[in-house]
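Q: My questions all concern the structure below.
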Amino acid sequence: MNNCLSSSVQKEIKQKTSFLAELRRLYSSGDSSKWPKPILDPEAIPYFAEIGHLPEMQFPTDNPYSEDKALLGKTLFFDPRLSQSNQIACASCHDPELGWCDSRTFSFGHNRQIGIRNAMSILNAGYAKSLFWDGRATSLEHQSEMPIQDVREMNGHIDLAAGKIAKIKGYETLFEKAFGNKTVSKDRISKAIAAFERTVKSGTSRFDQFIDGKAEIYSDDELMGLHLFRTKAQCMNCHSSGYFSNNQFENIGTSLLGSKQEDLGRYLVTKRIEDAGKFRVPGLRETTRTGPWMHNGSMTTLTEVIRFYSRGNPEHSQQRSTVHQGITLSSEKSGFVRLLDLSDEEISQLEAFLRTLSTQPEKVSLPVLPQ
Ligand code: HEC
Ligand code: HEC
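With the first letter of the sequence shown counted as 1, position 267 gets the number 267 in the UniProt record's numbering; the numbers rise by one all the way through.
See the structure below:
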């Protein structure tokens, strides 16, 4: 067979094979300082940390971890009685079997009303510095009150919800074990749910195993995908660290300003003109399990997501400005989003790499709801 190939083709194959072998050796060396240098824009460097394992989960000093507290939080998370109708639990939209989200473009909640954003997974949410696509909650403790009160979600009031939970006899021992006495308060409900959410995190992925030295576990495509992610495709300008997000807000041109589906994103929180159309950079661990993708669930395959980046997202000019409460806002795409011109092969290699960041869905035992 070799005789049929011209010597230049043979040389090319040899070079490619030794290039891949070298990449494999470096990336699986267990020492990321030996990896090839990433391609980063200077503006990205202040927020950059190399990709790698997830760090230990940090629990805030005013809400430390205990097994009993996490169990109480888990029970509340699955309890529909936190909602006004007694029918919608946090887990209705954050279903462990669906990657802790709901596989829908938009969630539906109270009275099957449709929400306006794609549900985020709570997997690894403990690593996010602010919560929601626009970062409007500053901690998981702060976040958990919001869906209970949201008219489209659970349509309740946190005080009423706390009152209802206080009347359920079976909760007494759970609160006592978690907090030392039976008192039910909204503050304790938030703390318990947050403590539980911090336990919902990814286990060891194939990526983690590969960089720890299991060199043979990656296919050539997965290996090239990892290399592209760090270099030519420039994903690490935003998706960096073990959480695969730099926890910043960025505009990648998805806000559809001026259209019916417009979403001002971070602007709604800060009211700073430059934040129009920015969203929190989501972590990419488990991303294959949390589609459809983006704040509005507008992309239904990962190939579509990567193609969008490859084209540098030529946003249509008619979808770039709007007038909101008398203020003209326009969407200014991040300079990090630019034409990458990836080949079809490179696009599928990137996707193959993203798949190695997901783990098998864990079996979650459902809590017994107290009576
Ligand atoms: C009706 C569906 C629905 C229900 C019920 C619901 N959520 Fe959500 N959740 C969402 C949607 C949609 C988002 C994204 C919303 C946004 O960014 O504006 C979200 C976002 C979140 C986030 C942010 C994750 C991140 O990475 O920033 C957390 C945490 C969360 N929900 C926890 C909860 C908890 C706790 C409850 C119960 C008290 C709950 N959710 C109830 C739909 C729901
Ligand atoms: C300028 C910063 C930036 C760069 C560069 C970037 N991303 Fe993103 N990425 C984001 C933001 C912000 C979002 C969320 C946007 C939204 O919801 O509308 C996102 C969303 C995603 C999602 C969807 C996640 C979800 O949960 O819905 C995937 C997958 C993704 N990016 C992969 C990549 C890949 C692969 C690259 C490299 C080709 C890349 N990104 C480059 C900022 C960036």
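Where a beta carbon is used, it is the ideal one built from N, C-alpha and C, also for glycine.
Residues in the same chain with beta-carbon distance under 6 Å from glutamine 87, minus the five sequence neighbours each way, listed in chain order, please.
A: Pro80
Q: So is the beta-carbon of proline 282 under 6 Å away from any non-hydrogen atom of ligand 2?
A: yes
Q: What are the start and end residues of the alpha helix (DSSP H) that includes threonine 173?
A: Where threonine 173 is concerned, the enclosing alpha helix (DSSP H) starts and stops at 171-179.
Q: Determine the direct distance from the alpha carbon of asparagine 251 to that of residue 375, and round the result to whole angstroms.
A: Nothing in the structure corresponds to residue 375, since the chain is present only between 1 and 371.
Q: Three or more beta-carbon pairs under 8 Å between the region 303-313 and the region 163-176, yes or no?
A: no
Q: Distance cutoff 7 Å, beta carbons only. Does alanine 276 sit that close to anything in chain D?
A: Annotation note: the requested chain D is absent from the structure, which comprises a single protein chain.
Q: Does the beta-carbon distance from phenylalanine 279 to histidine 295 come in below 7 Å?
A: yes
Q: Under 8 Å: do the region 120-130 and the region 170-189 share three or more Cβ pairs, one atom per stretch?
A: In this structure the region 120-130 does not lie against the region 170-189, because fewer than three pairs of beta carbons, one per stretch, are closer than 8 Å.
Q: Taking 6 Å as the cut-off, is the CB of proline 367 close to at least one heavy atom of ligand 1?
A: no
Q: Run the CB neighbour count on glutamate 222, radius 10 Å, all protein chains shown included, and call it buried at 16 or more, exposed below.
A: buried
Q: Leaving out five residues before and five after lysine 74 in sequence, what residues of the same chain have Cβ atoms less than 7 Å from its Cβ?
A: Phe196, Pro367.
Q: Distance, Cα to Cα, arginine 266 vs glutamine 349?
A: Whole-angstrom Cα-Cα distance: 32 Å.
Q: Out of Leu228, Trp293, Val323, which has the shortest C-alpha to C-alpha gap to tyrosine 27?
A: Leu228
Q: Which of the three DSSP states is assigned to arginine 136 in this structure?
A: coil
Q: Ligand 2 heavy atoms versus the CB of tyrosine 47: any closer than 6 Å?
A: no
Q: Give the range of the beta strand (DSSP E) segment to which histidine 227 is assigned.
A: No beta strand (DSSP E) contains histidine 227, which is instead part of the alpha helix (DSSP H) from 220-230.
Q: For ligand 1, is there a heavy atom less than 6 Å away from the beta-carbon of leucine 131?
A: Correct: leucine 131 has its Cβ closer than 6 Å to ligand 1.
Q: Using 8 Å as the cut-off, can you tell me whether the region 236-251 makes contact with the region 281-298, which would need three or more C-beta pairs spanning the two stretches below that distance?
A: Yes: at least three Cβ pairs fall under 8 Å.
Q: Report buried or exposed for serine 107, applying the criterion of at least 16 other Cβ atoms within 10 angstroms of its Cβ.
A: Under this definition serine 107 is a buried residue.
Q: Got a sec, what are the start and stop residues for the beta strand (DSSP E) valine 323 sits in?
A: Unbroken beta strand (DSSP E) run through valine 323: 321-324.
Q: Is the beta carbon of isoleucine 122 closer than 7 Å to that of valine 200?
A: yes
Q: Would you report the Cα separation of aspartate 31 and cysteine 235, rounded to the nearest angstrom?
A: 21 Å
Q: With three or more beta-carbon pairs closer than 8 Å as the criterion, would you say the region 317-329 touches the region 256-265?
A: yes
Q: Helix or strand or just coil, what does DSSP make of isoleucine 88?
A: coil
Q: Leaving out five residues on either side along the sequence, give the residues of the same chain with a beta carbon under 6 Å from the beta carbon of alanine 352.
A: Excluding sequence neighbours, alanine 352 sits near Asp221, Glu222, Gly225.
Q: Need the endpoints of the alpha helix (DSSP H) that residue 381 sits in, please.
A: Past the edges of the chain, shown from 1 to 371, lies residue 381, and the structure says nothing about it.
Q: Tell me whether methionine 299 is buried or exposed, calling it buried when 16 or more other Cβ atoms sit within 10 Å of its Cβ.
A: buried
Q: In angstroms, rounded to a whole number, what distance separates the CA positions of glutamine 209 and isoleucine 306?
A: 24 Å
Q: Assuming leucine 76 contacts isoleucine 189 under a Cβ cut-off of 8 Å, what Cβ separation, rounded to an integer in Å, is found between them?
A: 6 Å
Q: Does the Cβ of glutamate 153 lie closer than 6 Å to at least one heavy atom of ligand 1?
A: Placement of the Cβ of glutamate 153 at a distance of less than 6 Å from at least one heavy atom of ligand 1 is found.
Q: Looking at ligand 1, does it come within less than 6 Å of methionine 57, judged from the CB to the closest heavy atom?
A: no
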